[in-house]
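For the sequence shown, this note's numbering assigns the number 35 to the initial residue and increments by one for each residue that follows.
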Amino acid sequence: MMVRYPAVCAAYPVIRSGSGRAPLRTQVKAMIESTASGGCQCGQVRYTITPAHSIVYACHCRECQKQSSGAFGLSMPMRLSAIRFDGDMAVYERPTDSGAVTACFFCPSCGSRIYHRDSTAGEFISLKAGTLDDTSGLSLVAHLWVCRKQPWIRIDPELPAFDTQPDDLGHWRSRLVSGLSTSNS
Ligand SMILES: [Zn+2]
Ligand SMILES: [Zn+2]
35 MMVRYPAVCA AYPVIRSGSG RAPLRTQVKA MIESTASGGC QCGQVRYTIT
85 PAHSIVYACH CRECQKQSSG AFGLSMPMRL SAIRFDGDMA VYERPTDSGA
135 VTACFFCPSC GSRIYHRDST AGEFISLKAG TLDDTSGLSL VAHLWVCRKQ
185 PWIRIDPELP AFDTQPDDLG HWRSRLVSGL STSNS
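Structure follows, in structure tokens:
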């Protein structure tokens, strides 16, 4: 069952969904190093990313507050083929507002959310970036669903901030990843 949350939105200067041509930061430091590793809280699930990159976005929607049990979700978009998993994962599926299904993969032992894959996103996934072993070099490139953000979170005015989310979230994510591959070649 989907839970609907009241649309109480804080007044905040944001990019409205539909005008989502927020410039991606081309100067962003794209690569931390060629390989990165991570895993769940208990260590049963481990993964390696090749090539590694540092791009993440924050999503302040209520679903991400629930899944992260925090103030926002931190997503690192990437191709599924770039990551190798070891260990068992369980999956929880939920419908999205757009009619797609998001498959949410987590460690069945400790419950850490590892990654999400939308039914419409093809090869692209969202890794939950807090599971990386080294989170010190992450580059935040955008905020999504700032209408649901906690009031005490201050948004950097330099960063694109969407009232809800880009109209074509899947395409937007793939542009982030494609930008990386071109800047890295
Ligand atoms: Zn675990
Ligand atoms: Zn979200």
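Backbone N, C-alpha and C define an ideal beta-carbon position, used for all residues, glycine too.
For E97, which of helix, strand or coil comes out of DSSP?
helix
For S153, which three-state DSSP category applies?
coil
Beta-carbon spacing of S173, T154 below 9 Å:
no
By the 10 Å Cβ neighbour count, where 16 or more other Cβ atoms means buried, how is C93 classified, buried or exposed?
buried
Buried versus exposed, by CB contacts within 10 Å (16 or more), R188
exposed
Output the distance between the C-alpha atoms of P111 and D201, rounded to the nearest integer angstrom.
17 Å
Reduced DSSP secondary structure (H/G/I, E/B, other) of C76:
coil
What is the C-beta distance between C70 and L166, in whole angstroms, given that I count them as a contact (C-beta under 8 Å)?
Residue identity check: residue 70 is Ala in the sequence provided, not Cys. Right, the Cβ-Cβ distance comes to about 6 Å (below 8 Å), so this counts as a contact.
Are V79 and S146 touching if we call contact CB-CB under 9 Å?
yes
Comparing C-alpha positions only, which one of C181, R209 and S208 sits nearest to D197?
C181
Alpha-carbon to alpha-carbon, Y81 and D120:
6 Å
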